[in-house]
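S.K.: Under my numbering, the first residue of the sequence shown carries the number 2, and numbering increases by one thereafter.
Here a beta-carbon is modelled for each residue, glycine too, at the ideal position from N, C-alpha and C.
Just so it is clear, the structure is predicted and the values come from calculations on it, not from any experiment.
Mind having a look at this structure? Questions to follow.
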Amino acid sequence: MSTSALPYAAAPTAPSPVRSAGSPGFWRAPFSGSTYREIGYTVTSLPIAIVGFTFAVTMFALGLGLFVTVLGLPVLAAALAGARGFGAAERGRARAQLGLNVAGPGAVKAPRDAGAWAGMRARLSDGAGWRALLFQVVMFPSRVVSFVLSVTFLVTGWVVALLPAYTWVFPRYLDWPGYRVFDYTSGGEQHAFYLESPVQIAGASLVGLAIVFLTPKLVRALTNIDRAAVRSMLG
């Protein structure tokens, strides 16, 4: 038999290797572009997580609710197809903002010319789709926490670190002797504390600088959770 007459399949393309961007040095990190790309990732992750979580929970609940009818299966199949789309978008975000390149899962294998139900059964048995759907659920609380912590530390650090540059604003425009830390009345007695002396202002600025330099470490730890999840659930 001539081997030239045999059908052949193209060799599968090897998946691209997983790589992660290296962390900048401690003293350079607060001014590094990679740090602010990671912060941008945690900030944009919140609205994306809300959409993904809502989609996953709604479609899954709707599919289960309609499972007693024939409509439940197509809804669940659509949920898994949509989850794969969300997963592809998440891998793209991780590649662009975290320097993480993860190969996507293979296509859903369905028998050709076997009808729509065979394709639906293949979709419902798609492990990658179920993992992508689960990703949207389990990562929602983590991304809420990441958003709150990264924004709080970023803003607090720079605002406090730069206090000497704008401390003149308080006595000039607010009639405060300095930055007001607290001011309340208890038991008929007023309690107030202001940062007004050079030593107090300098001390507060040093605390702010410490937060500024620790923020990249915090953000890196938070985004490492996403790196691990993307590798294990979306690859």
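1) For Thr186, which residues in the same chain have their Cβ closer than 8 Å to its Cβ, ignoring the five residues on either side in sequence?
2) Report the partner residues of Leu196 according to the DSSP bridge assignment.
3) Label Asp127 either buried or exposed according to how many other C-beta atoms from any shown protein chain fall within 10 Å of its C-beta, with 16 as the threshold for buried.
4) Which same chain residues end up closer than 7 Å to Trp131 when comparing Cβ atoms and leaving out the 5 residues on each side of it in sequence?
5) Among Arg94, Gln98, Phe56 and Ala78, which one has its Cα closest to the Cα of Ser24?
6) Does Ile51 pass the burial test, meaning 16 or more other C-beta atoms within 10 Å, or should it be called exposed?
7) Exposed or buried, which one is Pro106 when buried takes at least 16 other CB atoms within 10 Å?
8) Taking the alpha-carbon positions, what's the Val182 to Met140 distance?
9) Near Phe27, what residues of its chain come up, given a Cβ to Cβ distance below 7 Å and the 5 sequence neighbours on each side ignored?
10) Note down, in chain order, each residue of its chain lying with its Cβ closer than 8 Å to the Cβ of Thr224, except the 5 sequence neighbours on either side.
11) Where does Leu72 land, buried or exposed, given buried means 16+ other C-beta within 10 angstroms?
12) Look at the alpha carbon of Leu65 and the alpha carbon of Ala229, and state the distance between them as a whole number of angstroms.
13) Take Pro165 as the anchor and find which of Pro199, Glu91, Pro178 and Ser151 has the nearest alpha-carbon.
14) Hey, out of Val58, Ala162 and Val109, whose CA is closest to Ser206's CA?
15) Leaving out five residues on either side along the sequence, give the residues of the same chain with a beta carbon under 7 Å from the beta carbon of Pro180.
16) Going by DSSP, which residues form a beta bridge with Gln191?
17) To the nearest angstrom, report how far apart Asp184 and Pro178 are at their CA atoms.
18) Please list the terminal residues of the continuous alpha helix (DSSP H) segment that includes Tyr174.
M.R.: By the coordinates alone:
1) Taking C-beta separations shorter than 8 Å and ignoring five residues to either side along the sequence, the partners of Thr186 in its chain run His192, following chain order.
2) BP columns for Leu196 point to Tyr180.
3) It is buried - the Cβ of Asp127 has at least 16 other Cβ atoms within 10 Å.
4) Sequence-distant Cβ neighbours of Trp131 in its own chain, meaning closer than 7 Å and more than five residues away, are Leu81.
5) Ranking Arg94, Gln98, Phe56 and Ala78 by Cα distance to Ser24 puts Gln98 first.
6) Within a 10 Å sphere around the beta-carbon of Ile51 sit fewer than 16 other beta-carbons, which makes this residue exposed.
7) When all chains shown are included, Pro106 counts as buried.
8) So the two alpha carbons sit approximately 36 Å from each other.
9) Sequence-distant partners of Phe27 (beyond 5 residues in either direction) whose C-beta falls short of 7 Å from its own C-beta, in its chain, are Phe214.
10) Hits under 8 Å: Glu39, Tyr42, Thr43, Leu99 and Ser147.
11) By the neighbour-count rule (16 or more Cβ atoms within 10 Å), Leu72 is not buried but exposed.
12) Computed Cα separation, rounded: 29 Å.
13) Nearest in C-alpha terms to Pro165, of all of Pro199, Glu91, Pro178 and Ser151, is Pro199.
14) Of the residues Val58, Ala162 and Val109, the one whose Cα lies closest to the Cα of Ser206 is Ala162.
15) Sequence check: residue 180 is Tyr here, not Pro. In its chain, beyond the 5 residues on either side, Leu164, Thr168, Phe171, Tyr195 and Leu196 have a beta carbon closer than 7 Å to the beta carbon of Tyr180.
16) Answer by DSSP bridge pairing, in chain order: Thr186.
17) Roughly 13 Å separates the two Cα atoms.
18) Element bounds for Tyr174: n/a, residue is neither H nor E.
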